[in-house]
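Residue numbers (this note's numbering), protein chains in the order written: chain A, 147 to 371; chain B, 1153 to 1561. Step one of this worksheet: look at the structure below.
This is the structure we're talking about:
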């Protein structure tokens, strides 16, 4: 489903060129629950951003569902993300002026789905992530765990093929983090959605069905469990 | 999608209330100023037109064709045939009223000295049908025809320590270029809306002025009120009178005579541009606010882009925020401006001190003229300009790369 072939990504930091990814290759199948782990600066987020079509390749190729990412222009990438990808962020990145319901349904509005269907799907996913009865609360009136649940609901409500999560539990205490991981795993099982998440937390790694370890922009191990 | 964007944009206004308020106030102040400015200029223009028509030139003025050329020499011998003009104007359906006048420079011999004053010889029975002349009499009464009486500007009377019942000898050059003097009794004090009329003018019966100036039945000018467009009426009257009197007359509409009125017409046009500058100035605040908002919500822009929002949709989101702030700010500004205009339109703005000693055909108390259409145009104008200004920073949102935006701290 996702083929990462010899991917290179360099960044400029002043005069210095930082080689974030040095020829990474990886095949990810449908419905995998995969963790990209490694210390800070190992290239986890960069790899996620490249798979998520929000960053540009310097070399190599990423093919998702048979479509090469390098050939896509900005508009096509946006369309691709809109239809196929879900995102979960470390800091939740919810829109503060919108309620839980509105944060989730907003994604479906972008897809121009009829209002009735938006309501059905939003209410169903909010129930599944355990936020029933909190639909009208704004993010500032919810805990970090509850906010991340909204983010998960937002990522899943459009039934994407792939959900990318960048350190989804890093801002949560271990108990809440574990609950979030269980929820993600449950959603992965239920919807057969591919989950790719980055982490440097060993507890999170334990939940992964496949663990890819990155170090200095290179894969050092790829372990299926 | 558009509905959702509108919804989010509207909610976003409340995110930083103080900043939104500041932007709104800037637009409101600009809109309010423009509404008031336009109303003030229109009020000045209407006031001047009214004063010119009533006291100085009529809507159409008929004078001797040579008068203007020799005006600086006080050519009171260059008269017009009042009786024949009267007969011709009486036949015209587009003429609503007309009066003969003789305006002449003179000197008051008071307390052993001469004091300059401008006299107006008028037929007060005709003046009553021409304007609300009687309302200008502050004290006393209007002079009677055939009697040596005068109505004097209240400020002139005060300055020369004159009052009702006093007798004043006036000295002037006659149409025969000799000098003459006549003693008139003050029977009334006048308070006109124009400062110079109060401080320099006196009014006397037309027949006594004709006798005093040796003008027989002639007059210097005829002031005419017409029904429709003054310029068209002036042209029509000219054609009509020339067929009777030949090319001996100078007939012009008031807006072609008064240079000051032309200045106000030009000023009104210029104020439309000044209005745009006012709004552009107000819009700089909203541009600045939108720019700050974009930097502040950089991560949110990245998130929305990651979720699949196109650059155009992001631009629209920030643009709509600007439109809402502009629409609310402009509405408040226009309403306040209209409120001030209506209030001052009723009670007036007193410029007596500022206009004292200035020889202009503008009233000392000015009344801004409220116009619903002008107000609506200013509102639309304000929203369009400030919203267009918001587009400049809003477009930046569409150019931000999502990966950079998500990394932004």
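A virtual CB, placed ideally from N, CA and C, is assigned to each residue, including glycine.
Within the segment 1420-1452 of chain B, 1451, 1452 place their CB atoms closer than 8 Å to a CB of chain A, listed in sequence order. Where residue 1195 of chain B is concerned, the enclosing alpha helix (DSSP H) starts and stops at 1169-1203. Residue contact check for residue 1498 of chain B against chain A: no CB pair falls below 8 Å. For residue 1230 of chain B and residue 1526 of chain B, the gap between their C-alpha atoms comes out near 45 Å. The contact set of residue 1554 of chain B on chain A, defined by CB atoms closer than 7 Å, consists of 200 in chain order. Closest in alpha carbon position to residue 1206 of chain B, among B/1268, B/1503, B/1551, B/1282, is B/1282. Sorting A/301, A/320, A/338 by C-alpha distance to the C-alpha of residue 235 of chain A places A/301 at the top. Assigned with DSSP and collapsed to three states, residue 1427 of chain B falls in helix. The straight-line gap separating the alpha-carbon atoms of residue 1185 of chain B and residue 1262 of chain B is approximately 49 Å. In this structure, the CA atom of residue 282 of chain A is about 20 Å from the CA atom of residue 260 of chain A.
When B/1495, B/1239, B/1485, B/1413 are compared, the shortest CA-CA separation from residue 1514 of chain B is found for B/1413. Per DSSP, the unbroken alpha helix (DSSP H) holding residue 1396 of chain B starts and ends at 1382-1397. Taking C-beta atoms under 8 Å as the contact rule, residue 329 of chain A and residue 250 of chain A fail to qualify, at a distance of about 14 Å.
Uninterrupted beta strand (DSSP E) stretches at least 3 residues long and entirely within the segment 292-364 of chain A occur at 308-312, 340-345, 356-361, given in chain order.
Residue nearest to residue 1481 of chain B within the set B/1291, B/1399, B/1329, B/1171 is B/1171 (criterion: CA-CA distance).
In the three-state reduction of the DSSP assignment, residue 1261 of chain B falls in the strand class. Check the Cα spacing between residue 1165 of chain B and each of B/1226, B/1244, B/1445, B/1254: the tightest is with B/1445. Taking residue 1339 of chain B as reference, the option from B/1347, B/1423, B/1306 with the minimal CA-CA separation is B/1306. Distance from residue 1266 of chain B to residue 1323 of chain B at the Cβ level is roughly 7 Å; contact confirmed, criterion being Cβ atoms closer than 8 Å. The segment 220-228 of chain A and the segment 166-176 of chain A do not touch, with fewer than 3 CB-CB distances between them shorter than 8 Å. Under DSSP, residue 1267 of chain B forms a beta bridge with B/1260. DSSP lists B/1322 as the beta-bridge partner residues of residue 1334 of chain B. Shown here, residue 236 of chain A sits in coil according to DSSP, grouped into three states, outside any helix or strand. Between residue 277 of chain A and residue 292 of chain A the beta-carbon gap is near 7 Å, inside 8 Å, which marks them as a contact. In this structure, residue 1211 of chain B lies away from residue 1411 of chain B, with their beta-carbon atoms at least 8 Å apart. Bridge pairing for residue 1374 of chain B: B/1214, B/1252 [DSSP]. Along the segment 1457-1479 of chain B, going in chain order, the ones with a CB nearer than 9 Å to a CB of chain A are 1457, 1458, 1459, 1460, 1461, 1462, 1463, 1465.
Contact with chain A is found for residue 1163 of chain B, since one of that chain's Cβ atoms lies less than 8 Å from the residue's Cβ.
When the five nearest sequence neighbours on each side are left out, the beta carbons in the same chain lying within less than 8 Å of the beta carbon of residue 1531 of chain B are those of 1183, 1482, 1483, 1486, in order along the chain. Beyond the five residues adjoining it in sequence on each side, residue 1293 of chain B comes within less than 7 Å, by CB distance, of 1339, 1340 in the same chain, given in chain order. Look at residue 1311 of chain B here: in three-state DSSP terms it is helix. Per DSSP, residue 1531 of chain B is one residue of the alpha helix (DSSP H) stretching across 1524-1551. Excluding sequence positions up to five before and after residue 1519 of chain B, its CB lies within less than 6 Å of the CB of 1195, 1497, 1500, all in the same chain and listed in chain order. Taking a Cβ-Cβ cut-off of 9 Å, the neighbours of residue 1166 of chain B in chain A comprise 243, given in sequence order.
Beyond the five residues adjoining it in sequence on each side, residue 1190 of chain B comes within less than 6 Å, by CB distance, of 1526 in the same chain, given in chain order. For the C-beta of residue 1160 of chain B, the chain A residues within less than 9 Å are, from N- to C-terminus, 241, 243, 244, 248, 252.
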